[in-house]
Amino acid sequence: MRILITGCAGFIGYSLSTYLLKKKIKVFGIDNLNSVYDLKLKKDRLKNLQKNRNFKFFKIDIRNKEKLNQNFLINNYTHVINLAAVAGVRKSIKNPNSYFKNNVNGFFNIIETSKNFKIRHFIYASSSSVYGNSKIYPVKEKNLTDQPESFYASTKKINEIISYSYSGIYNLPCTGLRFFTVYGPWGRPDMALFKFVNNILNNKKIDLFNYGNHFRDFTYIDDVVECVYRLINKPSKLKIPNEIFNISNQKSHNLKNYVKMIEKELNIKAKVNPIPLQKGDVKKTYGSVNKLFKFIDYKPETDIKSGLKNYIKWYKKYYI
Ligand SMILES: NC(=O)c1ccc[n+]([C@@H]2O[C@H](COP(=O)([O-])OP(=O)(O)OC[C@H]3O[C@@H](n4cnc5c(N)ncnc54)[C@H](O)[C@@H]3O)[C@@H](O)[C@H]2O)c1
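Under the numbering used here, think of the first position of the sequence shown as -1, with each following residue one higher.
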């Protein structure tokens, strides 16, 4: 098995690479090391991966099809896991161009190259944001996903549609993963958990979007990588070999209670700045993992308290 992970210096890519290396699986990683957020964090993740001689890194941008092609030619990949993307809903409203280039053009290059090189299984990151503001919860894979609230969500939906056609036309087995707010050690500094912990510890106010009335399904990183690991050798057996799975914790937490849990863990009271709902944000995420559980006999279960505890422990060790 020769696995390529794109976005390997990112939060999920790094955690997945680390896990596969622990299982003695060789990992090839690609990342363009963009500075959408703190580059030092990406470089530190990469430094850790490069300590393992079963890991090989290439600084390549998935927008560059020629470079991708050359790289596939020399490495004989069997599996591709595409995690490279510009993530986050709010920024996509200010900068749709960058999202289109990275998440749509870049995605097209990687799936097209995977098809040309007859990859056995193409796995890629989608997002819970494709559900928009659903009327039914918990959301299931078959529910409506064509009314995105953000341009980021549109790019992920486009990925799912392209992948379906590639599975059908070229018989490329594809699996899309709708991640629900992934958190944990080495997490992204542009996400709420980092901002909350960072601001509370530094005595700064935290912005509470939608006045704290959001609900989010938070999924712990170790559970996420276990799911992806179990999916690697389970490409779809359907006539059109295409699958989509929610990867969620199947619990939805109110944002105000979430802040209370963080305060308790830090033993510090937060200074809160309640602000209105932001364009692009959905009010609630809450996903069903029944389909995933039936398929891999595993589902995310880490409870939010122990997940937060682990995150804060890592945060203090890394930043303080
Ligand atoms: N973290 C979450 O909660 C979450 C939720 C839903 C979906 N996702 C999706 O999962 C994937 C991984 O997310 P993450 O949280 O690890 O994000 P991340 O930003 O930490 O990781 C993405 C990595 O991809 C790299 N990258 C971006 N554009 C690239 C390009 N054109 N060429 C090469 N590398 C490029 C970045 O440098 C980064 O290291 C993304 O596709 C994201 O949209 C994440």
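Beta carbons are placed, not taken as given, at the ideal position from N, Cα and C, and that holds for glycine.
Looking at ligand 1, does it come within less than 7 Å of residue 267, judged from the CB to the closest heavy atom?
The residue labelled residue 267 in the question sits at position 269 within the sequence shown. No, since every heavy atom of ligand 1 falls outside the 7 Å radius drawn around the Cβ of residue 267.
In chain order, what residues of the same chain have a beta carbon less than 6 Å from the beta carbon of residue 305, not counting five sequence neighbours either side?
Taking the first residue of the sequence shown as 1, we reach residue 305 at position 307. 218, listed in sequence order.
Start-to-end residues for the alpha helix (DSSP H) that takes in residue 223
Residue numbering aside, residue 223 sits at position 225 when the sequence shown is read from its first letter. Per DSSP, residue 223 belongs to the alpha helix (DSSP H) from 219 to 230.
Residue 269 and residue 203: beta carbons closer than 8 Å?
Here residue 269 refers to the residue found at position 271 of the sequence shown. Here residue 203 refers to the residue found at position 205 of the sequence shown. Taking 8 Å as the Cβ cut-off, residue 269 and residue 203 qualify as a contacting pair.
Close Cβ partners of residue 137 (< 6 Å) along its chain, the five nearest in sequence each way excluded:
Position 139 of the sequence shown holds residue 137. Excluding sequence neighbours, residue 137 sits near 129 and 285.
Using C-beta distances below 8 Å, list every residue in its chain close to residue 65, excluding the 5 sequence neighbours before and after it, in chain order.
Locating residue 65 in the sequence shown gives position 67, counting from the first residue. Around residue 65: 58 and 59.
Does the distance from the C-beta atom of residue 37 to that of residue 31 stay below 8 Å?
Your numbering for residue 37 matches position 39 in the sequence shown. Your numbering for residue 31 matches position 33 in the sequence shown. Going by C-beta atoms, residue 37 is nearer than 8 Å to residue 31.
Determine the burial state of residue 49: buried for a count of at least 16 other Cβ atoms within 10 Å of its Cβ, exposed for fewer.
Start at 1 with the first residue of the sequence shown, and residue 49 comes out as number 51. Counting Cβ neighbours within 10 Å, residue 49 comes out exposed, since fewer than 16 surround it.
Beta carbon of residue 71 nearer than 8 Å to that of residue 6
Here residue 71 is taken as the residue at index 73 of the sequence shown, counted from 1. Here residue 6 is taken as the residue at index 8 of the sequence shown, counted from 1. No.
For the putative contact between residue 1 and residue 79, defined by C-beta atoms under 8 Å, what is the C-beta separation to the nearest angstrom?
Within the sequence shown, numbered from 1, the residue matching residue 1 stands at position 3. Within the sequence shown, numbered from 1, the residue matching residue 79 stands at position 81. At roughly 7 Å, the Cβ-Cβ gap stays under 8 Å, so residue 1 and residue 79 are in contact.
Any heavy atom of ligand 1 closer than 7 Å to the CB of residue 36?
As a working note, residue 36 is residue 38 in the sequence shown. No, the beta carbon of residue 36 sits no closer than 7 Å to any heavy atom of ligand 1.
Check whether the segment 160 to 179 and the segment 107 to 121 touch, using three or more Cβ-Cβ pairs below 8 Å as the test.
yes
Would the beta-carbon of residue 126 fall within 8 Å of that of residue 300?
For the purposes of this step, residue 126 is taken as residue 128 along the sequence shown, with counting starting at 1. For the purposes of this step, residue 300 is taken as residue 302 along the sequence shown, with counting starting at 1. No, these two residues do not count as a Cβ contact at 8 Å.
Status (buried if at least 16 other CB within 10 Å, exposed otherwise) for residue 81:
Reading the sequence shown from its first residue, position 83 is the one you call residue 81. The residue is buried, with at least 16 neighbouring Cβ atoms inside 10 Å.
Please determine whether the Cβ atom of residue 180 lies at a distance below 7 Å from any heavy atom of ligand 1.
Here residue 180 refers to the residue found at position 182 of the sequence shown. Result yes, Cβ under 7 Å from ligand 1.
How long is the line joining the alpha carbons of residue 149 and residue 211, rounded to whole angstroms?
In the sequence shown, the residue the question calls residue 149 occupies position 151. In the sequence shown, the residue the question calls residue 211 occupies position 213. Approximately 23 Å between the Cα atoms of the pair.
For a test of your reading of the model: does the CB of residue 161 fall under 7 Å from any non-hydrogen atom of ligand 1? Yes or no.
As a position in the sequence shown, residue 161 is number 163, starting the count at 1. No, the Cβ of residue 161 stays beyond 7 Å of every heavy atom of ligand 1.
How would you label residue 313, buried or exposed, when you count the other beta carbons within 10 angstroms and need 16 or more for buried?
For the purposes of this step, residue 313 is identified with residue 315 of the sequence shown, where counting begins at 1. Result: buried.
Residue 125 Cβ short of 7 Å to ligand 1 heavy atom set
Working through the sequence shown from its first residue, we reach residue 125 at position 127. Correct: residue 125 has its Cβ closer than 7 Å to ligand 1.
Buried/exposed call for residue 255, threshold 16 Cβ in 10 Å:
On the sequence shown, residue 255 is found 257 positions in, with the first residue counted as 1. Its Cβ having fewer than 16 others within 10 Å, residue 255 is exposed.
Should residue 27 be listed as close to ligand 1, given that the test is whether its C-beta is under 7 Å from any heavy atom?
As a working mapping, residue 27 is identified with position 29 in the sequence shown. Checking every heavy atom of ligand 1 against the Cβ of residue 27, none is found closer than 7 Å.
Let me check you understand the geometry: is the CB of residue 215 closer than 7 Å to at least one non-hydrogen atom of ligand 1?
The residue you call residue 215 lines up with position 217 of the sequence shown. Residue 215 Cβ: outside cutoff for every heavy atom of ligand 1.
Buried or exposed by the 16-neighbour rule on C-beta atoms within 10 Å, applied to residue 122:
Numbered from 1 along the sequence shown, position 124 holds the residue referred to as residue 122. With 16 or more other Cβ atoms within 10 Å, it is buried.
Closer than 7 Å to a non-hydrogen atom of ligand 1 - does that hold for the CB of residue 81?
Stepping through the sequence shown from its first residue, residue 81 is reached at position 83. For ligand 1, at least one heavy atom lies less than 7 Å from the Cβ of residue 81.
Tell me which same chain residues have a C-beta within less than 7 Å of the C-beta of residue 191, skipping the five on either side of it?
By 1-based counting over the sequence shown, the position of residue 191 is 193. These residues qualify, in order along the chain: 181, 185 and 309.
Quick one: give me the first and last residue of the alpha helix (DSSP H) that residue 73 is part of.
On the sequence shown, residue 73 is found 75 positions in, with the first residue counted as 1. Taken as a continuous stretch (DSSP letters only), the alpha helix (DSSP H) holding residue 73 covers 63 to 73.
Jot down the residue ranges of each uninterrupted beta strand (DSSP E) in the segment 29 to 114, minimum 3 residues, whole runs only, in chain order.
53 to 57 and 77 to 80
What did DSSP end up calling residue 296 once you bin it into helix, strand or coil?
For this step, residue 296 is matched to residue 298 along the sequence shown. It is coil, neither helix nor strand.
Short check: CB of residue 193 to CB of residue 243, under 8 Å?
Start at 1 with the first residue of the sequence shown, and residue 193 comes out as number 195. Start at 1 with the first residue of the sequence shown, and residue 243 comes out as number 245. Result no, Cβ atoms of residue 193 and residue 243 do not sit closer than 8 Å.
Are the CB atoms of residue 245 and residue 222 within a distance shorter than 8 Å?
As a working note, residue 222 is residue 224 in the sequence shown. As a working note, residue 245 is residue 247 in the sequence shown. For residue 222 and residue 245, yes; Cβs fall inside 8 Å.
For the beta strand (DSSP E) containing residue 203, name the first residue and the last one.
Translated into positions along the sequence shown, residue 203 becomes position 205. 203 to 206 is the extent of the beta strand (DSSP E) around residue 203.
Since I believe residue 34 is in contact with residue 3 (beta carbons under 8 Å), could you give me their beta-carbon distance rounded to a whole number of angstroms?
Taking the sequence shown and counting its residues from 1, the one referred to as residue 3 is at position 5. Taking the sequence shown and counting its residues from 1, the one referred to as residue 34 is at position 36. The Cβ separation is near 18 Å, so there is no contact.
Mind checking whether residue 250 and residue 207 have CB atoms under 8 Å apart?
As a first step, residue 250 is located in the sequence shown; it is residue number 252 there, counting from the start. As a first step, residue 207 is located in the sequence shown; it is residue number 209 there, counting from the start. No; because the gap between Cβ atoms is not below 8 Å, this pair is not in contact.
Determine the closest residue to residue 276 out of 61, 298, 89 and 19, with distance taken between C-alpha atoms.
Translated into the one-based positions of the sequence shown, residue 276 becomes position 278. Cα-wise, what sits closest to residue 276 is 89.
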